[in-house]
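Each remark here refers to the structure printed beneath this line.
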Amino acid sequence: MDERVVLTREPLNAETPLDRQVGPITPVGRHYVRSHFSAPPPPTHIAFSGLLAAPFRITPDELRALPARTLAVTLECAGNGRSFLDPPAPGEQWRLGAVGTAEWTGVPLATLVARAAPLPAARELVFRGADAGVPNGLVREIAYERSLPVPDALGGEALLAYAMNGEPLVAEHGAPVRLVVPGSYGMASVKWLAEVTAVADPFPGFFQRDRYVIDGAPLGAIEPRAVIVEPADNAELRAGPTRVRGYAWCARDPIAGVELSTDRGTTWAAARLAEPLSPFAWREWTHEWDARPGRRILIARAVTHRGERQPLEQVVNPLGYSNTAAQPVRVSVVWRHDNRSGAGD
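Here the sequence shown stands for residues 697 to 1041, where the numbers follow the numbering used here.
Right under this line is the structure:
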């Protein structure tokens, strides 16, 4: 059974409530799905074209025959947390479930770009998905396209992925081949990849210049965030030792710690961090809390190696991107039945 919350069915946009994130690797059926357009027929090949000394085409089967690597990567939609903004922002009203970590298997993008041999004039690579449609704000059909600088493609960790958690990609996650760009928000990881074109000028595409920008500047690496997955919001807990659990991630600067408050942010305690699965994957954290009766508000915030702390207040921008403000979890703590004997009530 699909445990995700579906925001739209066509195209499919769905997230998984945080309390259903049960382990460091997100099952395929619980991983969030972000689609701008309907899933297209699967491309039969990927064309490398443009300012290249050795343009070529490659089929999914040919790609699978090349040396591959598997990398655990946390992907997060840039709009994750948008529903908490006040005033509201347009777009999909994600809560905090538009994030997931999977083990992606594929061929390093750098291997294929090196084979294509970009010419000196090539400045960027444009990645075109086979999906197309008319987005809000336009009157003509366009394909989903994003670009990367050539040096990033040659020197980064991006993959042309054909498997997710050891299984072939499914359609909703971009089968047969998708781009996975570790450290970037999910919009960079183009699904249903059909073409890679080397160009001389900065790419002016709709999803590059008009969307996924804040004050005209493109979104950068994933910002620091910690979330609480256990207990769930509005849970009723028994008084006494209670485990609080969650995940923390950041691509701009590694996570160094997580701080947890159980009193609305008045005081903070350090949580215990698990080792990361990879430099690009979230880290699980836990904290043992002596829960006392009453209504409590829990807040977790991430801390990076440079000492940057996840904000407690929202940062407003017109399109509602990168709202990483720490979100409270409200719980009610009641006495255990065996603690009430002899209490005189």
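Every residue gets a Cβ at the ideal spot worked out from N, C-alpha and C, and that includes glycine.
Nearest to residue 837 by alpha-carbon distance, out of 1012, 700, 901 and 730, is 901. Nearest to residue 799 by alpha-carbon distance, out of 765, 826 and 961, is 765.
A direct Cα-to-Cα measurement between residue 1006 and residue 756 gives close to 40 Å. Contact check for residue 956 and residue 967: beta-carbon distance about 5 Å, within the 8 Å limit, so the pair qualifies. A distance below 6 Å between beta-carbons, with the five flanking residues on each side excluded, links residue 857 to the following residues of its chain, in chain order: 800, 802, 874 and 876. Out of 769, 879, 717 and 775, the CA that lies nearest to the CA of residue 1015 is found in 775. With fewer than three CB-CB distances shorter than 8 Å, the stretch 741-749 does not count as touching the stretch 781-788. If you draw a straight line from the Cα of residue 940 to the Cα of residue 959, it is about 14 Å long. The beta-carbon distance between residue 922 and residue 879, rounded to whole angstroms, is 17 Å. This is too long to meet the 8 Å contact definition. With 16 or more other CB atoms across the displayed protein chains lying within 10 angstroms of its CB, residue 925 is buried.
Of all alpha-carbon atoms in 859, 759 and 842, the one lying nearest the alpha-carbon of residue 807 is that of 759. Spanning the alpha carbons of residue 814 and residue 890 requires a straight line of approximately 18 Å. In this structure, 990 is the residue among 990, 867 and 870 with its C-alpha nearest to the C-alpha of residue 935.
Take residue 965, set aside five residues on each side of it, and the residues of its chain with a beta-carbon closer than 6 Å to its own are 956, in chain order.
Here residue 711 is near residue 791, since their CB atoms are less than 8 Å apart. For residue 1016, no beta strand (DSSP E) encloses it, and the DSSP letter there is neither H nor E. Residue 702 and residue 789 have their C-alpha atoms roughly 11 Å apart. If you draw a straight line from the Cα of residue 778 to the Cα of residue 978, it is about 20 Å long.
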